[in-house]
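Residue numbers (my numbering): 3 to 163.
Every residue, glycine too, gets a C-beta built ideally from N, C-alpha and C.
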Amino acid sequence: MKLKIRTGFGYDVHQLQEGLDFWLGGIKIPYTHGALGHSDADVLIHVICDALLGAANMRDIGYHFSDKDPKYKGIDSKILLKEVMHLLSREGYEVGNIDSTICLQEPKVNPHIPAMKTCLAEVMGIPEEDISIKATTTEHLGFVGKKEGVAAFATVLIVKE
Numbered sequence: 003m004k005l006k007i008r009t010g011f012g013y014d015v016h017q018l019q020e021g022l023d024f025w026l027g028g029i030k031i032p033y034t035h036g037a038l039g040h041s042d043a044d045v046l047i048h049v050i051c052d053a054l055l056g057a058a059n060m061r062d063i064g065y066h067f068s069d070k071d072p073k074y075k076g077i078d079s080k081i082l083l084k085e086v087m088h089l090l091s092r093e094g095y096e097v098g099n100i101d102s103t104i105c106l107q108e109p110k111v112n113p114h115i116p117a118m119k120t121c122l123a124e125v126m127g128i129p130e131e132d133i134s135i136k137a138t139t140t141e142h143l144g145f146v147g148k149k150e151g152v153a154a155f156a157t158v159l160i161v162k163e
């Protein structure tokens, strides 16, 4: 039997705006600003979705969940991730691992990483040990450093027998 291994990469940014809820990795993080977007603007889930879809050669999150479609307005990104996992499963793929990095000047993300990993593992139906989440600042440089936005990156490995 031939094993098929594929990798994918995701990148996303969202503007931060005062008074919005800040969702990251499927959990709500207390902060004065939240990410602006058509959905709940969970940048970490969005990059994971894009990386998974890209690895499976299934286009991107915008193709499957258009920001022009009112049914996705304000949607919980965990619902989108669950649907992406369904799409992958339908094609016979399983997640090998996820490696992600969140770029954010503040709030500090490290204390929330265990809860994010638990949430994502539950939504995706994979072990927490297969999900890596790292966080960094940009040393006050650029839009992230000026606290105007949040960025995230993810790489994934998917496998099909």
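Tell me whether S79 is buried or exposed, calling it buried when 16 or more other Cβ atoms sit within 10 Å of its Cβ.
-> S79 should be labelled buried.
Could you give the DSSP three-state label for S1: helix, strand or coil?
-> Residue 1 is absent from the structure shown; the chain starts at 3 and stops at 163.
Could you give the DSSP three-state label for E124: helix, strand or coil?
-> Correct three-state label for E124: helix.
By Cβ distance, which residues of its chain are closer than 8 Å to R61, with the 5 residues on each side in sequence left out?
-> Cβ neighbours of R61 beyond the five flanking positions: L55.
From K149, L143, K136 and D69, pick the residue whose C-alpha is nearest to that of A156; which is it?
-> Checked all of K149, L143, K136 and D69; the closest Cα to A156 is K136.
Specify the secondary structure class of L22 as computed by DSSP and reduced to three states.
-> Looking at L22 - three-state DSSP - the assignment turns out to be coil, as it is neither helix nor strand.
Run through DSSP, which three-state label would I31 get?
-> In the three-state reduction of the DSSP assignment, I31 falls in the strand class, which pools E and B.
Note down, in chain order, each residue of its chain lying with its Cβ closer than 8 Å to the Cβ of K119, except the 5 sequence neighbours on either side.
-> So the qualifying residues of the chain are G27, E130, I133 and I135.
The alpha helix (DSSP H) spanning K149 covers which residue range?
-> Counting along the chain, K149 falls outside any alpha helix (DSSP H), and DSSP gives it neither H nor E.
What residue from I100, D101 and S41 has the CA that sits closest to K75's CA?
-> Of the listed residues, the one whose Cα sits closest to K75 is S41.
Which same chain residues, not among the five before or five after K162, have their C-beta less than 6 Å away from its C-beta?
-> Excluding positions up to five away in sequence, the list reads K6, G94 and Y95.
Quick one: grab the DSSP three-state call for S134.
-> S134 falls in the strand class under three-state DSSP.
Based on the DSSP secondary-structure assignment, which residues constitute the bridge partners of Q17?
-> Paired residue(s): G151.
Please confirm whether I47 and L90 have their CB atoms less than 9 Å apart.
-> For I47 and L90, no; Cβs fall outside 9 Å.
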